[in-house]
Amino acid sequence: MKNSMRLSSLLLLILATQELEAFQMTSSNGDVNSQNKKSLSVPNQRRRRVLQAGAGGIFSGLPFFGNGGGGVDAAVAATIKNNKTGGGGPTNEVVKVVNGIKHRRLGGSDIVVSEIGLGAQRWVSADFNAPDKDLCYQFMDEAILKRGVNLIDTAEQYPIPSDGRTANEGDSELLIGSWMKDRKVKREDVVIATKITGGRNITPRNIEADLEGSLKRLGTDYVDVYLLHWPQRYSPQSNWGQSLKYDIANDASPYWRRNGGPTSFEDLCMAMEKMIQKGKIRGWGMCNDNAYGLTASTRTAKMLGTTPPACLQGDFSMLDRKSEENGVAEAASPFNENVGFMSYNALAGGMLTGKYLDIPAAFDDPKRERAMASLEKPRGRMDTRGWGGTLYRYRTESAYEAIADYAKLAKANKMSLTELALRWNRQRDMLTTTLLGHTSMAQLKETLDIFSIKEPLPDDLMWEIDRIHMRNRLPLFSSNSVGKDWNGEGEIGEPIP
C-alpha cells in the first residue's frame, strides 16, 4: 500500500515537473504564441480533480505537502527555506527597521513590506470627506519619503465610491502613478499592491489584460503584488457573516457554471506565473479569500512548480477576528503554507476610534432628529447613506457593547481606543502589515506615531482584550434586529441561506 502511494506521488511529481519544464521553455523564448499555449494549460480531468478535492486528496502524498507522521520533517522545512517565491525565510520575519517602522517579509517571497501600509480605496473618491489629490500627495510624502512606510494598496476598481463624474474607477492608480513621476521616486523604494476585479472577471486572459491597464495607469512596468479581488468563495467567513452556512446550491448555480465554472486553481497559478516570468509582477495573492482558497492555491502552485501566492488580504480587527479562528491563520503559518496577511479595516470603519460611542451612527440612532443631523453633517462614513448601510456589520448590538468595553480598557491604560486597536493588531502573529486609510494629515501622523512605539502591549492587557472578545465573540456575525418578516434576507436585503 505504502509503495503504491509513493509511486502515485512520484508520478504526479514527474507530471508537475514536465509541466514546469514545458512552461519554462515557452517563457525563455519570450511571449507564448498560439502553438505553445498548451504548456500553460492543464488537462481538464486533472483540473476537475483539484477543484473537487481542494488541496488535499491527490496532493497529500507529495513530499512537500505534509509528512503524514506529525512534526516538521526536513522536506517540509526545506519548502520554507527554498520557497520558489524567493527570499528563503518565513513570512512576517522582520527584515529591517526604517525610521522606527518594521519591514517584514511577505510570505516566502523576497517582497518586504512595512508593517503599516497606505490604503488608497477612498483616495479621490466621491465620498464627502475623500482626500483630494493634494492631500494624497501629502500622505505619500509624509509616510513614504519621511517616515519609513513603503507599501501602497490600491485596485483597478478604486476609488470606492466612484460616481463616473467626479471620480472614476482607476483614478486611484492614476494618482499613485502621477505622484511617483512628479516626485521622481525610485520604483524600488515603493511596494505597490493592486487588484484585478473579482468574480467571473478572474480569468487568465483578464489577468493579463487588466494588469496591463493597471501598469499603464500606474506608469510602471511592474507591480509588486497582484491580488485577486473577491475570488469565488461561498462560506460565512468570506461573506462577512451574512450567510449562515456553506450553500452548495450557490456553488452549483448557472451564474458561475455557465462558462465552465470558476477559473481553476491550475489556470490561475499558470496565469500568474506567466506574469512573473514576463517581469510584470513580483508576487501574487488573494483579497477576501478563505482557508480553502489559500491552501488550494498554494498547494496547486507547488504541485505545478509555479510561484505560490505571497499573501492573503482580509478584514481584520479587534471586532473581526474570524481569520484567527476559521483556519486562515493556521493555513498561512510559516510551518504550513507560509503566506503573509494584509489586514484592512483595522479600525472597523471608524468604530474603533470611539467617535460613535456617545451618539450612535445615524442608521442606529433612535432619535430621528439627531440621526438626521448626523446624516447632514457626518462624523465619518458610518453616518452616510452609502457606507452606513453596507458597514452595518460593525454596528451590531454586540459590537457596540464590545467597543464600549474596549474604550474603558483603553482609558484605564492611558491610551486612546485607536492606539489600543492598532497596537493590538500589530501584535497578532498572523499579520504582516496593516492597511489604513486616512482623511487628514492628523490621522496619518497619529497612526504613524502609534506604529513607531517599540513596546508591545503587556500580556495582562492582551488577556483583558481577549476576555472582552470572548463575551462578544465575532459580533459582526450577530444581529438582534433580524425581522420575522425578512423572509431569509439580511440587513441590506442580501440572501441568508
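FYI, in mature numbering (1 follows the signal peptide of the UniProt record, and there is no 0) the residues of the sequence shown are -22 to -1, 1 to 475.
Note that the Cβ used here is the ideal one computed from N, Cα and C, for glycine as well.
Starting from the C-beta of residue i, find all residues in its chain whose C-beta is less than 8 Å away, skip the five residues before and the five after it, and write them out in chain order.
i: MET253; result: ILE185, GLU186, LEU189, TYR204, ILE259, TRP262
i: LEU297; result: ALA326, MET329, LEU330, TYR372, ALA377, ALA380, ILE381, PRO453, LEU454
i: GLU467; result: PRO473, ILE474
i: SER12; result: Reliability of the predicted coordinates at SER12 is poor, the pLDDT of 38 falling under 50, and the value obtained from them is presented with this limitation in mind. Around SER12: no qualifying Cβ.
i: LYS432; result: GLY78
i: TYR370; result: PHE341, GLU469, ILE470
i: GLY49; result: Bear in mind that the predicted position of GLY49 carries a pLDDT of just 35, short of 50, making it unreliable; the figure below should be weighed with that in mind. The answer is none, since no qualifying residue turns up.
i: GLN291; result: ASP131, ALA171, LEU205, GLY263, MET264, CYS265, ASN266, PHE319, MET320, SER321, TYR322, LEU413
i: MET419; result: LEU113, GLN116, PHE117, GLU120
i: MET440; result: TRP402, GLN405
i: ALA145; result: VAL102, SER103, ALA104, ALA108, PRO137, PRO139
Measuring CB to CB, does residue i end up less than 7 Å from residue j?
i: GLY318; j: CYS289; result: yes
i: CYS247; j: ALA279; result: yes
i: ALA326; j: SER301; result: no
i: MET320; j: LEU413; result: yes
i: ILE130; j: ILE154; result: yes
i: GLU166; j: ARG195; result: no
i: PRO139; j: ALA104; result: yes
i: TRP157; j: TYR115; result: yes
i: PRO137; j: TRP101; result: yes
i: THR198; j: GLU251; result: no
i: ILE428; j: GLU397; result: yes
i: ALA339; j: ASP361; result: yes
i: LEU422; j: PHE106; result: no
i: ALA349; j: ASP343; result: yes
i: LEU435; j: ARG401; result: yes
i: GLY85; j: ASN316; result: yes
i: ARG357; j: LYS333; result: yes
i: PRO109; j: THR417; result: yes
Tell me which residue opens and which closes the alpha helix (DSSP H) that residue i is part of.
i: TRP441; result: 437 to 449
i: LYS159; result: 149 to 160
i: THR396; result: 395 to 404
i: GLN116; result: 111 to 118
i: TYR384; result: 375 to 390
i: LYS252; result: 243 to 255
i: GLY367; result: 363 to 368
i: ASN228; result: 226 to 229
i: GLU467; result: Counting along the chain, GLU467 falls outside any alpha helix (DSSP H), and DSSP gives it neither H nor E.
i: residue 483; result: Shown here, the chain extends from -22 to 475; a query on residue 483 therefore has no answer.
i: LYS300; result: 300 to 303
Considering only residues of the same chain and omitting the five flanking positions on each side of residue i, which have a CB-CB separation below 6 Å?
i: ALA31; result: Residue confidence is low: ALA31 scores 29 on pLDDT, short of 50, so the model does not pin down where it sits. Its coordinate-derived value is still stated next. Nothing meets the Cβ criterion.
i: ALA33; result: In this predicted model, ALA33 has a pLDDT of only 34, less than 50, meaning its place in the structure is not dependable enough to derive any value.
i: LEU426; result: ARG125
i: ARG359; result: TRP365
i: ALA249; result: PRO182, ILE185
i: GLY95; result: LEU129, ASP131, THR411, LEU413
i: ASN458; result: GLU375
i: LYS74; result: HIS81
i: SER456; result: THR374, SER376
i: ASN450; result: SER376, GLU379, ALA380
i: ASN70; result: ARG82, THR410
By Cβ distance below 7 Å, which residues in the same chain neighbour residue i in space, the five residues on each side in sequence not counted?
i: GLY176; result: LEU206, HIS207, TRP208, PRO209
i: GLY126; result: VAL76, ASN77, GLY78, ILE79, SER92
i: ASP383; result: ILE446
i: ALA269; result: ASN304, GLY305, VAL306, ALA309
i: GLY415; result: GLY97, GLN99, ARG100
Which residues bound the beta strand (DSSP E) around residue i?
i: ARG348; result: From DSSP, ARG348 is part of no beta strand (DSSP E) but of the alpha helix (DSSP H) over 346 to 354.
i: THR172; result: 169 to 174
i: ILE79; result: 79 to 83
i: MET264; result: 259 to 265
i: LEU282; result: Where LEU282 is concerned, there is no enclosing beta strand (DSSP E), although the alpha helix (DSSP H) it sits in stretches over 269 to 282.
i: TYR322; result: 318 to 322
i: GLY292; result: 289 to 293
i: ASP202; result: 201 to 207
Would you list the residues sitting across from residue i in a DSSP beta bridge?
i: ILE180; result: For ILE180, which the question treats as bridged, DSSP gives no partner whatsoever.
i: TRP96; result: First, the residue type needs correcting, since residue 96 is Leu and not Trp in the sequence shown. Answer is ILE130, LEU414, bridged to LEU96.
i: LYS164; result: Partner(s): none; LYS164 has no beta bridge.
i: GLU433; result: Note: GLU433 sits in no beta bridge, so no partner.
i: LYS74; result: HIS81
i: VAL90; result: ARG83
i: PRO473; result: GLU467
Looking at residue i and the ligand SAH, is the gap between the Cβ and the nearest heavy atom below 6 Å?
i: GLU186; result: Absent from the structure shown: the ligand SAH. Ligands present: none.
Quick check: is the beta carbon of residue i nearer than 7 Å to any beta carbon in chain D?
i: THR273; result: In summary, chain D is missing from the structure at hand, where a single protein chain is found.
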